[in-house]
Amino acid sequence: MSTLPPCPKCGSEFTYEDGALLICPECAHEWSATESEDTGSGIKDSNGNPLADGDSVVVIKDLKVKGSSLVVKRGTKVKNIRLVDGDHDIDCKIDGIGQMSLKSEFVKKA
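This is the structure we're talking about:
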């Protein structure tokens, strides 16, 4: 018998399969088995917290803007980020600077 993953909502180990879904009898949470396998991937901030579209982040290091004399100062809060694939993981708009792409290693979740 294969071991089933614990419930992602309440952490209960008493989950069971019902067709294509996994069900927790303690909190009645239902999720697909493929969802539980994908939890390891994703974009994370400098502290290891997972990021999602629409999150707010804070810049942890002064960042020079390539091609200009502008600098994004440490502590700048960036709202409503969008996650993209590529070298720079985050697309955002910073007040006073405009549209930018940032690396997730230079931000932390606000």
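Residue numbers (full-length UniProt numbering): 1 to 110. Even glycine gets a Cβ: it sits at the ideal position worked out from N, Cα and C.
Would you identify the three-state DSSP class for residue i, choosing helix, strand or coil?
i: residue 30; result: strand
i: residue 101; result: strand
i: residue 11; result: coil
Determine the direct distance from the alpha carbon of residue j to that of residue i, and round the result to whole angstroms.
i: residue 56; j: residue 62; result: 17 angstroms
i: residue 26; j: residue 19; result: 19 angstroms
i: residue 118; j: residue 7; result: Lying before the first or after the last residue shown, residue 118 is absent from the chain, which here runs from 1 to 110.
i: residue 84; j: residue 54; result: 12 angstroms
i: residue 100; j: residue 9; result: 35 angstroms
i: residue 15; j: residue 22; result: 7 angstroms
i: residue 33; j: residue 17; result: 9 angstroms
i: residue 97; j: residue 59; result: 14 angstroms
i: residue 103; j: residue 109; result: 13 angstroms
i: residue 50; j: residue 24; result: 24 angstroms
Does the beta-carbon of residue i have 16 or more other beta-carbons within 10 angstroms, so that it is buried, or is it exposed?
i: residue 78; result: buried
i: residue 105; result: exposed
i: residue 89; result: buried
i: residue 65; result: exposed
i: residue 87; result: exposed
i: residue 72; result: buried
i: residue 95; result: exposed
Who pairs with residue i in a beta bridge, going by DSSP?
i: residue 18; result: 21
i: residue 50; result: 44
i: residue 94; result: 98
i: residue 70; result: Bridge partners of residue 70: none, in fact.
i: residue 83; result: 90
i: residue 61; result: In the DSSP output, where bridge partners are listed per residue, residue 61 has none listed.
For the ligand FAD, any of its heavy atoms closer than 7 angstroms to the Cβ of residue i?
i: residue 106; result: In the structure on display, the ligand FAD does not appear, and there are no ligands present to speak of.
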